[in-house]
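Worksheet: one structure, shown below.
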Amino acid sequence: MVNVEEIRDYAAGLLEKGEVKSVLGFRRGSASAFAEPCTITNVGEAASLVWDPTCLNNLALYLVKDRKQQAVSKTPDTRPVGIVAKGCDSRAIGVLLQENYFKREDVVVIGVSCEGTGVVDPRKLSAKLKGRTASRVTFAVQGSTSVAGGRTPGATDGADGINVSVYGDETETVIPAREVLADRCLECRAAAPALNDVVFGNTVEARDFNEPFHAAKEAERLSEDERWATWERHFDRCLRCFACRAVCPMCYCPECVVDSTTFVVTLGTSAEEKANRIRWCERSANTSESAVYHLTRAIHLAGRCIDCGECERVCPVNIPLRLLNTKLEKEAFEMFEYQAGHDIEQASLLSSFRDEDPNSFIR
Amino acid sequence: MEKILRQEKLREWVDTLDDCEVYAPAFADSVWNFARVEAGTDIDLSHTNTIGSVKAFTFPQREVFFRFEKKDGVPVLTPTLPDPKPTVVFGVRPCDGRGMPRNDTVFNKEFEDPYYWARRNKLTLVGLACNQPHSPNCFCQSVGGSPHAEEGLDILMTDLGDRFHVKGVTAKGVEAMERGRDAFDAVSDADQTEVDKVHETSRSYPQRPIGDLDAISEALRESFDSPLWADMAQHCIGCGICTFLCPTCHCFDINDEVISPTTGEGERVRTWDNCQFPDFTMHTSGHNPRGDLGSRLRQRVNHKFLYFVENHKTQQCTGCGRCITECPVGIDIVAVLERVGQS
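One line per chain: the protein sequences are Z and R, in this order.
For what it's worth, the numbering used here labels the leading residue of the first sequence as 648, then goes sequentially.
For what it's worth, the numbering used here labels the leading residue of the second sequence as 107, then goes sequentially.
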């Protein structure tokens, strides 16, 4: 079981010794029962760090933000950053290292193993509560409450139960973990961060949830017409708030192809050139434009998505975006035995070639 | 007009509105949202609040202003002023109801927006009082509203368990009730006592406090250059959730969408825009006066609690709490106001 005090002590130690300029972690927020990201810069703040099934965010996003800030700063602070990272988050750091976004010495990875469990999917929880709000979400502690379905032998705390209290009704109920864990956690292949400077919690191999790519495989069983109908409906619902792009650590392009700013304007640019600029995607949130946006984003993440599921989590209308990305990761795995972010020494999928790769047309 | 409607008679009333497009909350894809009610189907008013606000009925995310094409080398414009069927929306929460007159002001004060009003004039809002807050982030009472506020609504319904108390607030609302008159019963003294009690209880639940709203406006004015903004926006990802879900955010963009470059055919469209996006204030020169997330958070908050107050004498926030609940990183407008107020 992860002892949050150890994480706090380690973070405080890094700050005290001046090994990092800040530590990215989770703290309790005022907005909900779910933890919020925090950046701590002094030892005293380390006591506010938390670890529980509400630590949803992939904090690697803020490593990207830090690099972007350094790039425009006249006096950049180039000291390393410490980061609390789950298995999936550490793979995101892995991809960023593979792509030379920053160097290994720029980051201190405070790994936390999700052990036999993972994080809660707020939408699944909301569906269970029919839209009501949870006021407290914690791992069920062994022995304190009877857990529906019984305990898996050898499972660590939380593996088969999440305690939930509902706003306005403080009685606590235990929901079996598999009913509210995020899909990515149910399919997780590496719940302990392989890339780390320290790891808290045990590595649990047998998790007994779903096989990898389970949801993508299920979605593939539908016919082409059914799949198109499904995605047409989802793209039609999209608000184009771009939260999926904004939250993704891999969507680090300074200018996105779907933004209207991707057009260089100089003093010599004529009105006609401005009017006739190429727009790959209109502002209108309709089915065709939103399809262009989501499919472009999915393709740009092929071989790069590490399945942190953040795009799907943040979607306010709950579009199952993760399916698009895991479908492509499944292709990468089945065709090239490639898993994004698993090995930082490996060349990235799209920049490498092996003789044994399938599709002979390329030779 | 005040009436009692038994739960089982709700459908009977809705069915009398058969020449209208009727919308009501529906729980699909794990979120509540307004959905079209097909004739003869039941509506479910057990909702919390819808994820999208009611503003989209008058200010849709995409509005076509006109079509254009080139005929024999001459540009031809075709107007596309909307002419919707009368629309009745059930289950509107009082916070969303209060958003409507604020949007009316924006789309009327200096210029009467014909697209907005073509939809608005055909719209009837049937509100549903909140017997208790749905979320810890509800704060309607802290911004001058109440869980049973009638402002902006045409009808206010209150759930009394086996029946609803239904009050016609505007002439449009009374007319909608008249059409279903056979479904309604008279209000007894006992009913009146009960509805008063439900309303009183609904106001008694603790909500997140903001304090003196004038003092907040003043604090915001003085905090324009405060380093707090950068600090509070430190984890902002710059997405559009907070403003797109907001019942009062109304900023838009206008673009020409070309369908065929050869015929010069296309549409001029208005789409929702968003002060959190980097290109919102981007100048054609490339300069961006709000180049960082702190200045964008400040704009969102100042617009609601300072600029709108200066221009229209009321806050442009009705306390629905969506921007707080749905923020992926926990940015909380009430906490922001609290910090600015204390600074």
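For every residue, glycine included, the Cβ atom is placed at its ideal position computed from N, Cα and C.
Straight-line CA distance for R:R269 to R:N155?
Distance between the alpha carbons of R:R269 and R:N155 is about 20 Å.
Please list, in chain order, the chain R residues whose beta carbon lies closer than 7 Å to that of Z:S777.
A quick correction: the sequence has Lys, not Ser, at residue 777 of chain Z. Contacts between Z:K777 and chain R, judged by CB atoms closer than 7 Å, involve F133 in chain order.
Please report the distance separating the alpha-carbon of Z:P800 from that of Z:T780.
For Z:P800, the pLDDT reaches just 40, beneath the cut-off of 50, and the residue's location in the model is therefore unreliable, leaving the point undetermined.
Taking C-beta to C-beta, are Z:A893 and R:G344 nearer than 9 Å?
The answer is yes: Cβ separation under 9 Å.
Grouping DSSP H, G and I as helix and E and B as strand, with all else coil, what is R:I110?
R:I110: strand per DSSP, three-state reduction.
Beta carbon of R:V304, beta carbon of R:T264: below 9 Å?
For the pair R:V304 and R:T264, the CB atoms are nearer than the 9 Å cut-off.
Roughly how many angstroms separate the alpha carbons of Z:S695 and R:G317, rounded to a whole number?
Cα atoms of Z:S695 and R:G317: separation of roughly 27 Å, rounded to the nearest angstrom.
Looking at chain Z, is there any beta carbon in it that lies within less than 9 Å of the beta carbon of R:P188?
The Cβ of R:P188 sits no closer than 9 Å to any Cβ of chain Z.
Do three or more CB pairs link the segment 239–255 of chain R to the segment 210–226 of chain R at distances below 8 Å?
The segment 239–255 of chain R makes no contact with the segment 210–226 of chain R: fewer than 3 CB pairs, one atom from each, lie closer than 8 Å.
Is R:A441 close to chain Z, meaning its C-beta is less than 9 Å from at least one C-beta of that chain?
At least one chain Z Cβ lies under 9 Å of R:A441.
Candidates R:E118, R:D297, R:T147, R:K115: closest to R:A130 by CA position
The shortest C-alpha separation from R:A130 is found at R:T147.
Answer yes or no: do R:S136 and Z:A774 have a C-beta to C-beta separation smaller than 9 Å?
Between R:S136 and Z:A774, the C-beta spacing is below 9 Å.
Alpha-carbon spacing of Z:R825 relative to Z:L776, whole angstroms:
The alpha-carbon atoms of Z:R825 and Z:L776 are separated by roughly 16 Å.
With contact counted as at least three CB pairs below 8 Å, one residue from each stretch, are the segment 830–838 of chain Z and the segment 936–951 of chain Z in contact?
For the pair of segments examined, the segment 830–838 of chain Z was found not to touch the segment 936–951 of chain Z: the number of CB pairs separated by less than 8 Å stays below three.
Z:R655 versus Z:N972 - alpha carbon distance:
Z:R655 and Z:N972: Cα-Cα distance of roughly 34 Å.
For Z:G672, the nearest candidate out of Z:M982, Z:I946, Z:G758, Z:D753 (CA to CA):
Answer by Cα proximity: Z:G758.
Candidates R:T390, R:R327, R:K191, R:C201, of which the one nearest Z:T913 by Cα
Measuring from the Cα of Z:T913, the nearest candidate turns out to be R:T390.
When you compare the segment 653–670 of chain Z with the segment 399–418 of chain R, are there three or more beta-carbon pairs, one atom per stretch, that lie closer than 8 Å?
No, because fewer than three Cβ pairs between the segment 653–670 of chain Z and the segment 399–418 of chain R fall closer than 8 Å, the two stretches do not touch.
Exposed or buried, what is R:N408 when buried is set at 16 or more other beta-carbons lying within 10 Å of its beta-carbon?
That one is buried.
Near Z:G805, what residues of its chain come up, given a Cβ to Cβ distance below 6 Å and the 5 sequence neighbours on each side ignored?
Model confidence at Z:G805 stands at a pLDDT of 48, short of 50, so the residue's coordinates are unreliable; what they give is reported in the following sentence. Closer than 6 Å at Cβ, skipping near neighbours: T764, F786.
Roughly how many angstroms separate the alpha carbons of Z:K851 and Z:E984, rounded to a whole number?
Lys is not the amino acid found at residue 851 of chain Z; the sequence shown has Val there. Roughly 23 Å separates the two Cα atoms.
Assuming R:C342 and R:L403 are in contact, meaning their beta carbons sit under 8 Å apart, how far apart are those beta carbons, in whole angstroms?
A Cβ-Cβ distance of about 6 Å is found for the pair R:C342 and R:L403, placing them in contact under the 8 Å criterion.
Z:K921, DSSP secondary structure in three states:
Helix.
Give the residues from the segment 666–691 of chain Z that approach chain A closer than 7 Å (Cβ to any Cβ), ordered along the chain.
Judged by its chain identifiers, the structure shown contains no chain A, and its protein chains are Z and R.
Kindly list, in the order they appear in chain Z, the residues whose Cβ is closer than 8 Å to that of R:D438.
Here the neighbours are G676, S677, A678.
Can you confirm whether R:V120, when its beta carbon is compared against all beta carbons of chain Z, has any partner nearer than 9 Å?
With 9 Å as the cut-off, R:V120 does not count as an interface residue toward chain Z.
Taking all protein chains shown into account, do 16 or more other C-beta atoms lie within 10 angstroms of the C-beta of R:I360, making it buried, or fewer, making it exposed?
Counting Cβ neighbours within 10 Å, R:I360 comes out exposed, since fewer than 16 surround it.
Spatial neighbours of Z:L948 within its chain, please: CB distance less than 6 Å, with the 5 preceding and 5 following residues excluded, ordered by chain position.
These residues qualify, in order along the chain: M897, N972.
From this set, R:F165, R:D124, R:H153, which residue's C-alpha is nearest R:A452's C-alpha?
This structure does not reach residue 452 of chain R, given that chain R is present from 107 up to 449, and the question cannot be answered.
Counting only the same chain and skipping the five closest in sequence on each side, list residues whose C-beta sits under 8 Å from that of Z:E933.
Residue identity differs from the one stated: residue 933 of chain Z is Asn in this sequence, not Glu. Sequence-distant Cβ neighbours of Z:N933 in its own chain, meaning closer than 8 Å and more than five residues away, are D883.
R:R374 and R:D362 look like a contact to me (Cβ under 8 Å); what is the Cβ gap, rounded to whole Å?
Between the beta-carbon of R:R374 and that of R:D362 there is about 5 Å, and that keeps the pair under the 8 Å contact cut.
Beta-carbon contacts of R:G286 that lie in its chain and below 6 Å, excluding the five residues immediately before and after
Same-chain partners within the cutoff: W119, T122.
Looking only at its chain, what residues have a beta carbon closer than 7 Å to the beta carbon of Z:L997, apart from the 5 residues adjacent to it on each side?
Cβ neighbours of Z:L997 beyond the five flanking positions: G950.
Which runs of the beta strand (DSSP E), 3 residues or longer, sit entirely within the segment 811–853 of chain Z?
Fully enclosed beta strand (DSSP E) runs of 3 or longer: 816–822, 845–847.
Rounded C-beta distance between R:D291 and R:K109? I'm assuming under 8 Å.
At roughly 7 Å, the Cβ-Cβ gap stays under 8 Å, so R:D291 and R:K109 are in contact.
For the beta strand (DSSP E) containing R:R374, name the first residue and the last one.
That run of the beta strand (DSSP E) goes 371–378.
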